[in-house]
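Protein sequences, first through last, are from chains A and B.
Start counting the first sequence at 14; every next residue gets the next number (this note's numbering).
Start counting the second sequence at 210; every next residue gets the next number (this note's numbering).
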Amino acid sequence: MKITRNQKYAALSRLPSPIRDAAVTLVIPAAVTGISLLVSRWSGSNDNIGVIYVLAVVLVSRFTSGYLWGIIASVLGVFGTNYFFTVPYHTLEFSSGYSITFFSMLVVSLMTSTATVRLREHARLALLREKRTDNLYEFSQKLLSAGGIDSIVSLTLEYLFRTLKRSVIFYTEDPAAGGRGTLKTTCDRDALTLCSMDEQEAAHQAFVTGVRTGAGTKICPKAAACYFPVAAHGCMLGAVGFLVTQDGEPAVNILTFLEMLISQTALALERQRLSEKQQAAVVEAEKEKMRTNLLRSVSHDLRTPLTSIIGASSAILENPERIDPQTRNRLISDIHQEAQWLIRMVENLLTVTRIHSAPARLKKQPEAVEEIAAESVTRLKKRFPGAAVHVSVPEEFLMVPMDATLIEQVLINLLENAVRHAGATQPIELQVGVEQKNAVFEVRDRGKGLSETLLPHIFDGYPSDNSDSTRGSGVGLSICKSIVRAHGGTITAANRPDGGAVFTFTLPLEEANSHDE
Amino acid sequence: MTNKTTVLIVEDEDAIAHFISTVLTANGYRTINATNGAEAISLISSHCPDLILLDLGLPDMDGLEVLRKTREWSGIPILVVSARGEEQQKVEALDLGADDYITKPFGSSELMARIRAAIRHGIKMEMGEDLPDGKFTRGDLAVDFKKRIVTVDGKDVHLTQNEFKIVTLICKHVGQVLTYSYILNQVWGQFAQNDRQILRVNMANIRRKIEKNPAEPKYILTEVGVGYRMPDED
């Protein structure tokens, strides 16, 4: 069934040059007639003439396409035999015997024609199929190496366009859900047609029903284009449409080829989506791991001060008479300090969530560096009234785009670490300067310095030793890093050659970094 | 029985309200508590407190709404209590007529200093009294409003017209924070609203003239994201 329909389409669509066939149909019988005349003259007998004409019919059928020329050749053969080689010569004289000759020649010609036509058709189809297979193979090869949905889409469009020579469109998402199609068109007018509401509805139907829709089908037949669903394993991955022009629908074999192309695309798309999903899962797992780590180190850090607060407060509550005022005051001041530590921790954590939830929404404004430095030191001194900090800022007025509260937090974290952990007697130095296109902030102390083992991981948020003396500093520094990086700057830690530690961070002076909207 | 200053504490967290009222009572104030906005509004009109401590996060309405309603008819000093990181809200509250703000968590001494400053400011407003004999001194800094002279350590400081205006404005509101937009409005007029840069540059120049180290200011402190404040006597 399929083959015969194919042949019909092929015969209709191919229409080979009839002039050539006519020439063949005339020349071969003429040549045969000439040869026959020679043979008959030479041998004096006309016995073989019929056979020679049958040969002519076979040759004509072989070298022309269709049945018509073979039949004409048969007729010519009958006339030729009759005219040239039977008595009376050079006249047409039909007696009863000729109908048999004519009939057998006709049958021979028809059978030969059928055979040759079928043979040639087979050969043509085989060639076509081979070409298509090559095409398909090439297509799937290219799909394999295509990275990303976009390149799969453009590759598919390219091959569809090459096959159909019509405007094509590819939806990776349902147009009803806001998906936009990718186009490859022969002219701009087609682009407009393919993007119209009717077309989108037809494409949407292809998504919903999972069958062919649009022109030439029962669903949305008014659409100008015909839509194929792109599906793999029952999962809709997209829809492909091509414009059905005045020429009508493409041939069935082309449609079959299209279906094959599309199924290749569907597989490629599915593979792509799966790999993307997998990648997202890996990223998510990584994030989850970070979150868990942070949570663990924070929980550890929170437990210690809480234990001390609960212990001290219960000691006061439960022994109101037995504790002398001095001891009580010391317990209360312990509670006070631990609570203050807790609130700073919580402030830091809030900052982290703020940065991590929307890094693009830093509220950056030009701020006067000296004001930020001054406020940081003021706030530090509120907590540590005894802390000595030496601040120096550039003589000229310096404005740096930043989120003021966050940078303040960085400075306070760094200063506080210096106060708490350095154990230095000399004042801490906070210096701000300009280097090329960056503002450079330095917090230096003359303390015991940073341990070499800790140095490479100091900003990672997980202090390598879990001793309580370093509690909070790990989380604090990782927050500093997040803040500075969100501003497009860098942060480093080092030991000073003559003793003590130095933390340096930079902020770009110009609003050129990508993090700001 | 003396006539004690009455403070209305608007705060929905019991522990915090308790802590504040303990501190205030210990310092000789009388306290009333309100736990939500509606109660606060009715208590303000029935008791006419001398000062309101207003938490902005209330269960039934925005604290700013209480502020707005109160300011429609009364100039009672209002001290806003808010959390760190809510700078925008603070600025809004100040621009709506709050006298000052205090950031959670705060200690009792800080709270008392703010309350004293706000009440003093309220009295000053009522009496229409400006600074005595037109002079202001703080440490080494002296401002003579009549002669328009500013001296530091006895030495004259040359300030421009606008710089002088800023300094006097801040001196007149000692202990109170002044928002950027308030200062801009007072000094440059209402059309300079959004140009904070000009204020910052002026402030930087003022600091270079009156402070020993502009990065460690003594007289004019920055409240990042909000405005400037001259600290109350310490």
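Where is the CB? At the ideal position from N, CA and C, for every residue including glycine.
Keep in mind it's a predicted model, so treat the numbers as computed, not measured.
Cβ separation of residue i and residue j, assumed to be a contact under 8 angstroms, to the nearest whole Å
i: Ala452(A); j: Val382(A); result: 6 angstroms
i: Ala387(A); j: Pro440(B); result: Rounded, the Cβ-Cβ distance is 12 angstroms, inconsistent with contact.
i: Phe454(A); j: Leu424(A); result: 7 angstroms
i: Ile429(B); j: Ile379(B); result: 6 angstroms
i: Asn242(B); j: Ala226(B); result: 5 angstroms
i: Thr77(A); j: Asp34(A); result: 4 angstroms
i: Pro268(B); j: Asp223(B); result: With 8 angstroms as the limit, Pro268(B) and Asp223(B) do not qualify as a contact, their Cβ atoms being about 12 angstroms apart.
i: Ile84(A); j: Ser112(A); result: Contact doesn't hold; Cβ gap of about 15 angstroms is too wide.
i: Val290(B); j: Leu263(B); result: 7 angstroms
Buried/exposed call for residue i, threshold 16 Cβ in 10 Å
i: Asp201(A); result: exposed
i: His382(B); result: buried
i: Asn342(A); result: exposed
i: Trp82(A); result: buried
i: Asn61(A); result: exposed
i: Gly398(B); result: exposed
i: Asn411(B); result: buried
i: Tyr310(B); result: buried
i: Leu330(A); result: exposed
i: Gln449(A); result: exposed
i: Met118(A); result: buried
i: Glu432(B); result: buried
i: Lys21(A); result: Only weak support exists for where Lys21(A) lies, its pLDDT of 47 falling under 50; the coordinates are left without a value.
i: Gly502(A); result: buried
i: Lys197(A); result: buried
i: Asp478(A); result: Low confidence applies to Asp478(A): its pLDDT is 49, below 50, so where it sits in the model is not reliable, and the reading given next is rough at best. When all chains shown are included, Asp478(A) counts as exposed.
i: Gly343(B); result: exposed
i: Asp481(A); result: No answer about Asp481(A) holds up, because its pLDDT of 47 lies below 50 and its placement is not dependable.
i: Thr278(A); result: buried
i: Gly460(A); result: buried
i: Ala235(B); result: exposed
Interface partners of residue i on chain B, CB under 7 angstroms
i: Ser346(A); result: Ordered by position in chain B, no residue passes the 7 angstroms Cβ test against Ser346(A), which lies about 12 angstroms from the chain.
i: Ser288(A); result: Here the premise fails: no neighbours, minimum Cβ distance about 41 angstroms.
i: Thr517(A); result: Within 7 angstroms Cβ-Cβ: nothing; Thr517(A) doesn't reach chain B, min ~17 angstroms.
i: Ile356(A); result: Pro314
i: Glu523(A); result: Result: empty, since nearest Cβ-Cβ is about 15 angstroms, beyond 7 angstroms.
For residue i, the three-state DSSP class (helix, strand or coil)
i: Ile229(B); result: helix
i: Gln370(B); result: helix
i: Arg536(A); result: Outside the shown range of chain A, which is 14 to 530, sits residue 536(A), and nothing can be said about it.
i: His382(B); result: coil
i: Val435(B); result: coil
i: Arg304(A); result: helix
i: Ser405(A); result: strand
i: Gln292(A); result: helix
i: Lys364(B); result: strand
i: Ile182(A); result: strand
i: Gln439(A); result: coil
i: Val376(B); result: helix
i: Gly237(B); result: coil
i: Leu217(B); result: strand
i: Ala159(A); result: coil
i: Lys356(B); result: coil
i: Tyr240(A); result: strand
i: Asn426(A); result: helix
i: Pro188(A); result: helix
i: Phe410(A); result: coil
i: Asn422(B); result: coil
i: Gly348(B); result: coil
i: Val410(B); result: helix
Residues that residue i contacts on chain A, provided the C-beta gap is smaller than 8 angstroms
i: Gln406(B); result: Pro379 and Met412
i: Gly434(B); result: Ala417 and Thr418
i: Leu430(B); result: Ala387, Glu388 and Thr391
Proximal chain B residues relative to residue i, where beta-carbon distance stays under 8 angstroms
i: Val406(A); result: Pro423 and Ala424
i: Glu421(A); result: Val433
Where residue i meets chain A, residues with beta-carbon distance less than 9 angstroms
i: Val410(B); result: Ala381, Phe410 and Met412
Residues that residue i contacts on chain A, provided the C-beta gap is smaller than 7 angstroms
i: Ala413(B); result: Ala381, Glu383 and Phe410
i: Glu296(B); result: Thr418
Taking only runs of the alpha helix (DSSP H) that begin and end inside the stretch 449-523 of chain A, which ones reach a length of at least 4 residues, in chain order?
-> If we require 4 residues or more, the alpha helix (DSSP H) runs fully inside the stretch 449-523 of chain A come out as 486-499.
Completely contained alpha helix (DSSP H) runs for the stretch 43-121 of chain A, where each covers 4 or more residues = The stretch 43-121 of chain A contains these whole alpha helix (DSSP H) runs: 62-76 and 81-98.
Could you tell me which uninterrupted alpha helix (DSSP H) segments, each at least 4 residues in length, are contained entirely in the stretch 320-399 of chain A, listed from first to last along the chain?
-> The DSSP assignment places complete alpha helix (DSSP H) segments of no fewer than 4 residues inside the stretch 320-399 of chain A at 338-370 and 382-396, in order along the chain.
Completely contained alpha helix (DSSP H) runs for the stretch 250-321 of chain B, where each covers 4 or more residues = The qualifying runs are 272-280 and 296-304.
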